[in-house]
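Trainee: I have a structure I would like to understand better, so I am pasting it below and will then ask my questions one at a time.
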Amino acid sequence: MASGFFALLDDIATLMDDVAAMSKITAKKTAGILGDDLAVNAEKASGFMSEREIPVLWAISKGSMINKLIILPVAFLLSAFLPAAITVALILGGLYLAYEGAEKIYEIFVPHDDASHNTVSAEMTEADILALEKERVKAAIVTDFILSVEIIIIALGAVAAEPLSIQIPVVSLIALIATVGVYGIVALIVRMDEFGLRLINLNEEENSFSDKVGRLLVSALPWVIKSLSIIGTIALLLVAGGIFAHNIHFFHDFLHQLPDIVKEFLVGLIVGFVVLLLVMGVKKIIRLFKGKKH
Numbered sequence: 196m197a198s199g200f201f202a203l204l205d206d207i208a209t210l211m212d213d214v215a216a217m218s219k220i221t222a223k224k225t226a227g228i229l230g231d232d233l234a235v236n237a238e239k240a241s242g243f244m245s246e247r248e249i250p251v252l253w254a255i256s257k258g259s260m261i262n263k264l265i266i267l268p269v270a271f272l273l274s275a276f277l278p279a280a281i282t283v284a285l286i287l288g289g290l291y292l293a294y295e296g297a298e299k300i301y302e303i304f305v306p307h308d309d310a311s312h313n314t315v316s317a318e319m320t321e322a323d324i325l326a327l328e329k330e331r332v333k334a335a336i337v338t339d340f341i342l343s344v345e346i347i348i349i350a351l352g353a354v355a356a357e358p359l360s361i362q363i364p365v366v367s368l369i370a371l372i373a374t375v376g377v378y379g380i381v382a383l384i385v386r387m388d389e390f391g392l393r394l395i396n397l398n399e400e401e402n403s404f405s406d407k408v409g410r411l412l413v414s415a416l417p418w419v420i421k422s423l424s425i426i427g428t429i430a431l432l433l434v435a436g437g438i439f440a441h442n443i444h445f446f447h448d449f450l451h452q453l454p455d456i457v458k459e460f461l462v463g464l465i466v467g468f469v470v471l472l473l474v475m476g477v478k479k480i481i482r483l484f485k486g487k488k489h
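The opening position of the sequence shown corresponds to residue 196 in my numbering, with each subsequent residue numbered one higher.
Structural data, given as C-alpha cells:
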C-alpha cells in the first residue's frame, strides 16, 4: 500500500518535471506571438477615461479568459480528430487580423467621416461614452480571441508529439500566462501616469528623485501609447502574415529572398488591403441597394 502511494507520488513528480520542461520550450516558441499580443492589447486598452481604465481592462481580461476556456477544449478535440480544421480557423483569423491592420493604416492616410467614432471627446454624453466603451471592449475581445487561437495552436504544435497528459497542462499553462501575464503588463502600462502622479506627491520636496521619475512616467505615457498603437498595427500584420506564410504554400515561397519578418509583414499588408477593398466594396453595394430600396 505504502509502496504504491510513493510510486504514485514519483509518477506525479516525473509528470510535473516533464510539464515544466515542455512549458519552457513552448514558452520560447510562443514568445513572439505573446509580444504581439501585448502590443495589440495595450493599444486596445488605452484611450479610456482614467477612472474607467482598470474596469475596462478587467472586462477585457475576463473576456480573454472566457476565450481561452472556449478555445482550449475545441483545440484539443480538433487536434485529435480533425487537424485540418485548425488550419482553416487560423487562416480565417489571419484574414481578420490583416484586415484590421490594413484598416488602421487606411484611416491614417485617407480622410473619412468616421475618423473620430472610436475616441472619447468632451462633447460626448455619459451614455455615448459607455456605448463606445462597450463597443471597444467587444472589439478587443474579438481580436484577443483570434490571437488566443494562434497562441494555443502554436503551443499545441510544440507538444504535438507528447501524450495528452503533457499537452493539456502545458498548453493550458501557456494560455493562462497569455492572459494573466499580458494583461498584467498592460495594466501597468495604462496606469503609468497615475503611478507617476503618486511619486510626484510622495513628499513635499521639490525636484526630488521621486518627482523626476514621476514626471518622466507622466510625460512618457502618451509616447508609449502612441508607440504601442504603431507597434500593435505592425503586430497585427506580422501575425497575419506569419499565419499565411506558415499555412499557405504560395505565401511560404513568396519573396523567399527577404528576411522572414519583412516577408510576413508584406504578406499581411497585401492580404489586409485586398480584404479591406473587398469589405469596402461589399459595404458600398449594400448602401446602394438600400438606397434604391428606399
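Glycine included, C-beta positions come from ideal geometry on N, C-alpha and C.
Please read these numbers as outputs of a predicted model, since none were measured by experiment.
Taking all protein chains shown into account, do 16 or more other C-beta atoms lie within 10 angstroms of the C-beta of A326, making it buried, or fewer, making it exposed?
Mentor: Locating residue 326 in the sequence shown gives position 131, where the first residue counts as 1. Exposed.
Trainee: Within the continuous alpha helix (DSSP H) that includes N262, where are the two ends?
Mentor: Against the sequence shown, residue 262 aligns to sequence position 67. Unbroken alpha helix (DSSP H) run through N262: 248 to 276.
Trainee: Straight-line CA distance for A293 to L464?
Mentor: Indexing the sequence shown from 1 puts residue 293 at position 98. Indexing the sequence shown from 1 puts residue 464 at position 269. Each residue's alpha carbon lies about 7 Å from the other.
Trainee: If you drop the 5 nearest sequence neighbours on each side, which residues of the same chain put their C-beta closer than 7 Å to that of M260?
Mentor: Taking the sequence shown and counting its residues from 1, the one referred to as residue 260 is at position 65. Excluding residues within five positions, the ones whose Cβ falls inside 7 Å are T374.
Trainee: For the candidate residues H444, L472, G437, L473, whose alpha-carbon lies nearest to that of V457?
Mentor: As a first step, residue 457 is located in the sequence shown; it is residue number 262 there, counting from the start. Selected option, being the one with the closest Cα: G437.
Trainee: Alpha carbon to alpha carbon, how far is I303 from F390? Give it in angstroms, no decimals.
Mentor: The residue given as residue 390 occupies position 195 in the sequence shown. The residue given as residue 303 occupies position 108 in the sequence shown. Computed Cα separation, rounded: 31 Å.
Trainee: Considering just the uninterrupted stretch of the alpha helix (DSSP H) at S424, what are its terminal residues?
Mentor: Position 229 of the sequence shown holds residue 424. Its alpha helix (DSSP H) spans residues 404 to 442.
Trainee: Quick one: using the 10 Å Cβ neighbour count with 16 as the cut-off for buried, is L432 buried or exposed?
Mentor: As a first step, residue 432 is located in the sequence shown; it is residue number 237 there, counting from the start. L432 comes out buried.
Trainee: By DSSP, does Q362 sit in helix, in strand, or in coil?
Mentor: Translated into the one-based positions of the sequence shown, residue 362 becomes position 167. In the structure shown, Q362 sits in a helix (DSSP, three-state: H, G or I).
Trainee: What's the call for A322, buried or exposed, on a 16-neighbour Cβ count within 10 Å?
Mentor: Reading the sequence shown from its first residue, position 127 is the one you call residue 322. A322 comes out exposed.
Trainee: Would you mind reading off the limits of the alpha helix (DSSP H) that contains E400?
Mentor: Stepping through the sequence shown from its first residue, residue 400 is reached at position 205. Run containing E400: none; DSSP gives neither H nor E here.
Trainee: Locate the alpha helix (DSSP H) running through R147, then write down its first and last residues.
Mentor: Nothing can be reported for residue 147: it is not among the residues displayed for the chain, which extend from 196 to 489.
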